[in-house]
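Enquirer:
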Amino acid sequence: MSVGGFEDTVFSDPIHWTIGPFHPILPSPFKLSAQLDGEIVSSAVVHSGFSNRGVLEVLRRQTWGKAIAVLGRVDPSSSVFSEWAYCLAVEKALGLELHPRTLGIRVVMAEVTRISAHLYQLSRIAQQAGSEVAFHFMLREREQFLDLMELVSGSRQSPTFLRIGGVRDDVSEGFLERLQEVCHRLLERVTEYNDLLTYNEAFVRRISGKGVISSQLVRRHGITGIPLKAIHTNQDLRWLGQAPGYELVQHQESSRVPPVGVEGDLHHRFVFCLQEMTQSARLLQELAQHLPAGPYRIEGAFDRVPPGNFSAVVEAPRGRLRVEVTSDGGDRPISLSWQSPSVALLQALPEYLRGASIEDLGLWLMSLDLQIGEVEL
Amino acid sequence: MITGSNWWEQLQSQGVTLLATLFLAIYLASWADMKVGADLQARVGPNRAGRAGILQPLANFLRTLLKVGPISKVRKGGASHLWWVHGLPLFMMAAVVPVSSGGPLLQAPLAIFTPLALGLLFSWSGLLMAWRLECVETRFWAIRQAALSLAAIPPALLSVVVAGLEAGGFEWAKIGQSQEFLPSGWILFSSPWAFIAGLIFFLCGALLFSMSPFSGAPLVGHSALSANSGKIGVREVWISAGRRLAPICWNLMALEVFMGGSHLPAGLLAAAHGLPILETAFRILLLLLKLQCIDIGIVLVSRTLPVVRVEQSYDFAWRVLSPAAVLCLMAQRLVMR
Amino acid sequence: MKIGFSAGFVEYWARVGRSLSSLWKAILASSAYLGVRNESHKELTEQYPDLVSARSADELPPRTRGQLFNDIDRCTGCGDCVTACPTDCIEVEAEEGPQPGKRWVSVFKIDHSKCLFCGFCVESCAPQSLTHTKTHRTASRTLNEQVLSFGRGQASQSLRELWRNQNGDMSPLEEGP
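Heads up: the sequence lines are chains A, B and C, in that order. So that you can map any letter, position 108 of the first sequence is 120 in the numbering used here, and since no number is skipped, the others follow by simple counting. So that you can map any letter, position 176 of the second sequence is 215 in the numbering used here, and since no number is skipped, the others follow by simple counting. So that you can map any letter, position 71 of the third sequence is 921 in the numbering used here, and since no number is skipped, the others follow by simple counting.
#1: Please report the distance separating the alpha-carbon of S369(A) from that of V269(A).
#2: Quick one: what's L221(B) bridged to in DSSP?
#3: Please classify S119(B) as buried or exposed, where buried requires at least 16 neighbouring CB atoms within 10 angstroms.
#4: Buried or exposed: A263(B), going by 16 or more other Cβ atoms within 10 Å of its Cβ?
#5: Would you give the residue range spanned by the alpha helix (DSSP H) that H130(A) belongs to?
#6: Can you give me, in chain order, the residues of the stretch 958-990 of chain C that have a beta carbon less than 8 Å from any beta carbon in chain A?
#7: Evaluate the contact criterion for the stretch 329-349 of chain A versus the stretch 48-57 of chain A: three or more CB pairs, one atom per stretch, below 8 Å.
#8: Between Y98(A), Q228(A), V119(A) and Q351(A), which lies nearest to L296(A) when the distance is taken from Cα to Cα?
#9: Any Cβ of chain A within less than 8 Å of the Cβ of S903(C)?
#10: Could you tell me the distance, in whole angstroms, from the CA atom of F220(B) to the CA atom of G299(B)?
#11: Should T172(A) go down as buried or exposed, given a rule of 16 or more other Cβ atoms within 10 Å for buried?
#12: What number of angstroms, rounded off, separates the C-alpha of S89(A) from the C-alpha of S167(A)?
#13: Smallest Cα separation from S45(A): which of F34(A), R197(A), T30(A) and P36(A)?
#14: Which runs of the beta strand (DSSP E), 3 residues or longer, sit entirely within the stretch 941-973 of chain C?
#15: Identify every residue that forms a DSSP beta bridge with G178(A).
#16: In chain A, which residues lie with their C-beta within 7 Å of the C-beta of R868(C)?
#17: Between H148(A) and chain C, is there a C-beta pair that is closer than 8 Å?
#18: In whole angstroms, give me the CA-to-CA distance for A864(C) and W232(B).
#19: Only counting runs of 4 or more residues, tell me where the alpha helix (DSSP H) segments fall wholly within the stretch 278-360 of chain A, in order along the chain.
#20: Between I960(C) and C928(C), which are expected to be in contact by the criterion C-beta below 8 Å, what is the C-beta distance as a whole number of angstroms?
#21: Whether or not the stretch 325-332 of chain B and the stretch 211-219 of chain B are in contact is what I'm after, with contact meaning three or more pairs of Cβ atoms, one per stretch, closer than 8 Å; do they touch?
#22: For L366(B), go through chain C and note every residue whose CB falls closer than 9 Å to its CB, in chain order.
#23: Going residue by residue through the stretch 302-337 of chain B, where are the continuous alpha helix (DSSP H) segments of at least 4 residues, counting only ones entirely within it?
#24: Between which two residues does the beta strand (DSSP E) carrying H891(C) extend?
#25: Judging by CA-CA distance, which residue of S128(A), Q359(A) and A300(A) is the nearest neighbour of T236(A)?
#26: Is it the case that the Cβ atoms of H982(C) and V972(C) are separated by a distance below 8 Å?
#27: Kindly say whether P950(C), judged by its beta-carbon, lies nearer than 8 Å to any beta-carbon of chain A.
#28: So which of G158(B), V347(B) and V200(B) has the shortest CA-CA distance to N290(B)?
#29: Taking DSSP as the reference, what is the three-state secondary structure of A79(A)?
#30: Which residue wins for smallest C-alpha separation from P286(B), given the options G306(B), V338(B) and A309(B)?
#31: Express the C-alpha separation of I117(A) and G186(A) in angstroms, rounding to a whole number.
#32: Give me the Cα-Cα distance between S91(A) and G221(A), rounded to the nearest whole angstrom.
#33: With 9 Å as the limit, tell me which residues of the stretch 154-170 of chain A have their beta carbon closer than that to any beta carbon of chain C; keep them in chain order.
#34: Apart from the five residues just before and just after H280(A), which ones in its own chain have a Cβ nearer than 6 Å to its Cβ?
#35: With a threshold of 8 Å on Cβ separation, who are the neighbours of I1091(C) within its own chain once the five nearest residues in sequence on each side are excluded?
#36: Round the Cβ separation of L333(A) and S94(A) to the nearest angstrom and send it over; I've been treating them as touching at under 8 Å.
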């Protein structure tokens, strides 16, 4: 990257600016080549590939059961969903019918992960906005949820907790009471976050009307997750009956959040993310009281899977994660297709960034909840 | 307030007072920023260097010195470049200390406007550093900073005019004589428009020196200013030291103009028994106390609020601060007539 | 956006009002933490590596998956953990031991630099000799230090002789290592 003298910088010649692969404003390691017209981004090109870890290659050596450990580490912040999608696909192949307690425990772990992922996302936006207090406060709550994960599974972020046909262990003693305490405290804290950040006039004026992911953009690139649900609140797989386990809780639909600025803008998505998080907290409080009794695992080896293609979709915090496994009847998957929600966001990135001022670039990028690790595997 | 034949002693004591206050104030301000800021954010903050981390600013300073290379290393070759690039920040750094400490010493008719010129000079030092670093985001930040400083100067100017008119003159002597130790005797509380003018003056300081929440988008430009960046050199150390010094100087000037300066209560003055050293010490302590109170307030606001975009800062300066300052001036003229 | 003067005037003051109220609420929310420390105003950070306040093994939950430990006395050398490991970080070598059916586990190495701490090996261990400890501070300067060895080492000639004598086996000893 070369920047010329005074004239080049000030007198609006388009400038080429390369950001990355490591930069404080990027959500994940990738390179962004932006063409600047003055201070506004006129076009952007994304170069990815810096995070390729060769997961598919590692998977060749894994059997059906062992693959869970590897796939759980594709996206560390929403690990349970990766395991869940894979297990659902394999269970579909084996034709297993899960015990109700298994479904309940899986939903509990998933929602705890969802809350911690959303808190992480919101805290990163807060950091980009310069609100250090909100950043630290959100991380403090997140610590409590990670501790909950550790109580049950033994690990804070990569629980490796799901198994084909069930979960590894039952919930530990005292877990459900602690879960209710933590959720209750989170719901109290949301008022603090609102005072500090969400409805802070400076923050609102900074981000409302900016970073719009419109309905057309969503449709054109197949974006799922918060950008989709903020505009079309009925597009949540959990309430469309396509996520097993959610029938255990009272049917909930996200209430529509009226946008302060434009629908689909940064502020709208921020508030929706906060709302989804509180919805998950209430869901957990309800489920903790009514978790079905029974076995938590179907005993069996499940070494071999019948031949064919089997797929499953889950509503992960970032969006819809679709996994397709192909079996030849052997003891290991012969191919795996991993369609993560970040793929669509990465595709939409150049169009999304057009018109961003470089001062706000950090906020625009960080609000996308993009994880390059699950795109590149 | 230097009068009489023993002007040299008075000069010395005033100069020493303000110099000592400045350096102690920077130290305490850094510590308060770290510790009180951490407290607000539910963190522990520095607690290793000294009790409650009181020696942490010293530790940071020593670490910065160790990281900085020899003064002869330049990024672009050329002795002329060395001169003006090194010389200018050195001058600015050195110029603030004696001039601001000499601020109250100058008895020129418009002496109280000198801090404004200094403020402008300091905020433009960012431009200097940005040009040298050849970094896109730093350059844009520097241009925005320069524009913001121009927006902040008119309200600051007007608020100083209000203070001067309230005091009856623009010399330091007049300002000093019109104020007392007690808050009721301060220019800040002498009338509602003087109070608003004082607030405007503080806010303009925050804008000029890009203190949070007016710091704009930090991006990578600011990380180059920190000691942890690989781009650190002597120039950056001087400039960043100057940038830390500048708000303190500004607040000190605000203290002198609006909040009673270093006027001691009669009792304390008597307790000094006429000893200049004791009197100087009391004055330093009083100034430090006032500065720390202001500083805690600044930390409370700056560490809590999200950072605003630079257009919002200009907006604030042009559309809120400037009209408010004009209104204060008009109100004062009406009443004084 | 064109709006009338009076509407603009009202909007201007409404904005000023909202800004001041945001400022006040934000300061109230954060200053509640100034100097106050109790259950609902806890600190986010902990002192590290101060042994007093940092998390000790006792504070961690019982299921914490820390560094692995193999109780070699219970270990049968079956190798199920080797099969279960996704990253092939366990190396086991076992030979016939003192009694028939009791194997001598000569090599049992776990390379913790490859270990995912997933727990599959612990789950697969039938005699339950392999367990997770709660040790999580395992940083080292070289990769070699990450390999933990629990094996008993190769049985020497004299030891094998001893076993044979104990078992009353008078057949000639095979050449061993």
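Ideal Cβ positions, reconstructed from N, Cα and C, are used throughout, including at glycine. Just so we're clear, the structure is a prediction, and the values are computed from it rather than from any experiment.
Expert: Once the coordinates are examined:
#1: For the purposes of this step, residue 369(A) is taken as residue 357 along the first sequence, with counting starting at 1. For the purposes of this step, residue 269(A) is taken as residue 257 along the first sequence, with counting starting at 1. Using only the alpha carbons, I get a separation of about 26 Å.
#2: If you number the second sequence from 1, residue 221(B) lands on position 182. Note: L221(B) sits in no beta bridge, so no partner.
#3: Taking the second sequence and counting its residues from 1, the one referred to as residue 119(B) is at position 80. Residue placement at S119(B) is poorly supported in this model, since its pLDDT is 41, which falls under 50; the coordinates still yield a value, given next. Counting Cβ neighbours within 10 Å, S119(B) comes out exposed, since fewer than 16 surround it.
#4: Mapped onto the second sequence, residue 263(B) falls at position 224. Because A263(B) sits at a pLDDT of 39, beneath the cut-off of 50, its placement in the model cannot be relied upon, and the following sentence gives the value as read from the coordinates. Per the 10 Å Cβ criterion, buried.
#5: Taking the first sequence and counting its residues from 1, the one referred to as residue 130(A) is at position 118. Its alpha helix (DSSP H) spans residues P112 to Q140.
#6: Taking a C-beta cut-off of 8 Å against chain A, the contacting residues of the stretch 958-990 of chain C are L966, F967, C968, G969, F970, E973 and H982, listed in chain order.
#7: Counting Cβ pairs under 8 Å, fewer than three are found: no touch.
#8: Position 284 of the first sequence holds residue 296(A). Of the listed residues, the one whose Cα sits closest to L296(A) is V119(A).
#9: Within the third sequence, numbered from 1, the residue matching residue 903(C) stands at position 53. Note that S903(C) has pLDDT 48, beneath the 50 cutoff, so the model's placement of it is unreliable and no number is given.
#10: Along the second sequence, read from residue 1 onward, the residue named residue 220(B) stands at position 181. Along the second sequence, read from residue 1 onward, the residue named residue 299(B) stands at position 260. If you take the alpha carbons of F220(B) and G299(B), they lie about 6 Å apart.
#11: Mapped onto the first sequence, residue 172(A) falls at position 160. Looking at its Cβ environment, which holds 16 or more other Cβ atoms inside 10 Å, T172(A) is buried.
#12: Locating residue 89(A) in the first sequence gives position 77, counting from the first residue. Locating residue 167(A) in the first sequence gives position 155, counting from the first residue. Rounded to whole angstroms, the gap between the alpha carbons of S89(A) and S167(A) is 12 Å.
#13: For this step, residue 45(A) is matched to residue 33 along the first sequence. Checking every option, the nearest Cα to that of S45(A) belongs to T30(A).
#14: 953-961
#15: Looking up residue 178(A) in the first sequence gives position 166. Bridge partners of G178(A): R175(A) and R309(A).
#16: To locate residue 868(C), count along the third sequence from 1; it is residue 18. The contacting residues are E213.
#17: Your numbering for residue 148(A) matches position 136 in the first sequence. Closer than 8 Å: yes.
#18: The sequence position of residue 864(C) within the third sequence is 14, counting from 1. The sequence position of residue 232(B) within the second sequence is 193, counting from 1. When rounded, the distance between both Cα atoms is 21 Å.
#19: 278-301
#20: Start at 1 with the first residue of the third sequence, and residue 960(C) comes out as number 110. Start at 1 with the first residue of the third sequence, and residue 928(C) comes out as number 78. The pair is not a contact, with the Cβ atoms about 15 Å apart (cut-off 8 Å).
#21: Counting Cβ pairs under 8 Å, fewer than three are found: no touch.
#22: The count along the second sequence starts at 1 and reaches residue 366(B) at position 327. Ordered by position in chain C, no residue passes the 9 Å Cβ test against L366(B), which lies about 13 Å from the chain.
#23: 305-310
#24: For this step, residue 891(C) is matched to residue 41 along the third sequence. Boundaries cannot be given for H891(C), as no beta strand (DSSP E) includes it and DSSP labels it neither H nor E.
#25: Stepping through the first sequence from its first residue, residue 236(A) is reached at position 224. Considering only alpha carbons, the answer is Q359(A).
#26: The residue labelled residue 982(C) in the question sits at position 132 within the third sequence. The residue labelled residue 972(C) in the question sits at position 122 within the third sequence. Result yes, Cβ atoms of H982(C) and V972(C) sit closer than 8 Å.
#27: By one-based count along the third sequence, residue 950(C) stands at place 100. P950(C) does not count as touching chain A.
#28: Mapped onto the second sequence, residue 290(B) falls at position 251. Comparing Cα positions, the closest option is G158(B).
#29: Sequence index remark: in the first sequence, residue 79(A) carries index 67 (1-based). Note: A79(A) maps to helix in three-state DSSP.
#30: Working through the second sequence from its first residue, we reach residue 286(B) at position 247. When each option's Cα is compared against that of P286(B), the closest is V338(B).
#31: Within the first sequence, residue 186(A) is the residue found at index 174, counting from 1. Within the first sequence, residue 117(A) is the residue found at index 105, counting from 1. G186(A) and I117(A): Cα-Cα distance of roughly 14 Å.
#32: As a position in the first sequence, residue 91(A) is number 79, starting the count at 1. As a position in the first sequence, residue 221(A) is number 209, starting the count at 1. Their backbone Cα atoms lie some 33 Å apart in a straight line.
#33: E155, D159, E162, L163, V164, S165, G166, S167 and S170
#34: The sequence position of residue 280(A) within the first sequence is 268, counting from 1. Once the five neighbours on either side are set aside, the close Cβ partners of H280(A) are A242 and P271.
#35: Residue 1091(C) is absent from the model: chain C starts at 851 and stops at 1027.
#36: What you label residue 333(A) is simply residue 321 of the first sequence in a count that begins at 1. What you label residue 94(A) is simply residue 82 of the first sequence in a count that begins at 1. Yes, they are in contact, since the Cβ atoms of L333(A) and S94(A) sit about 7 Å apart, within 8 Å.
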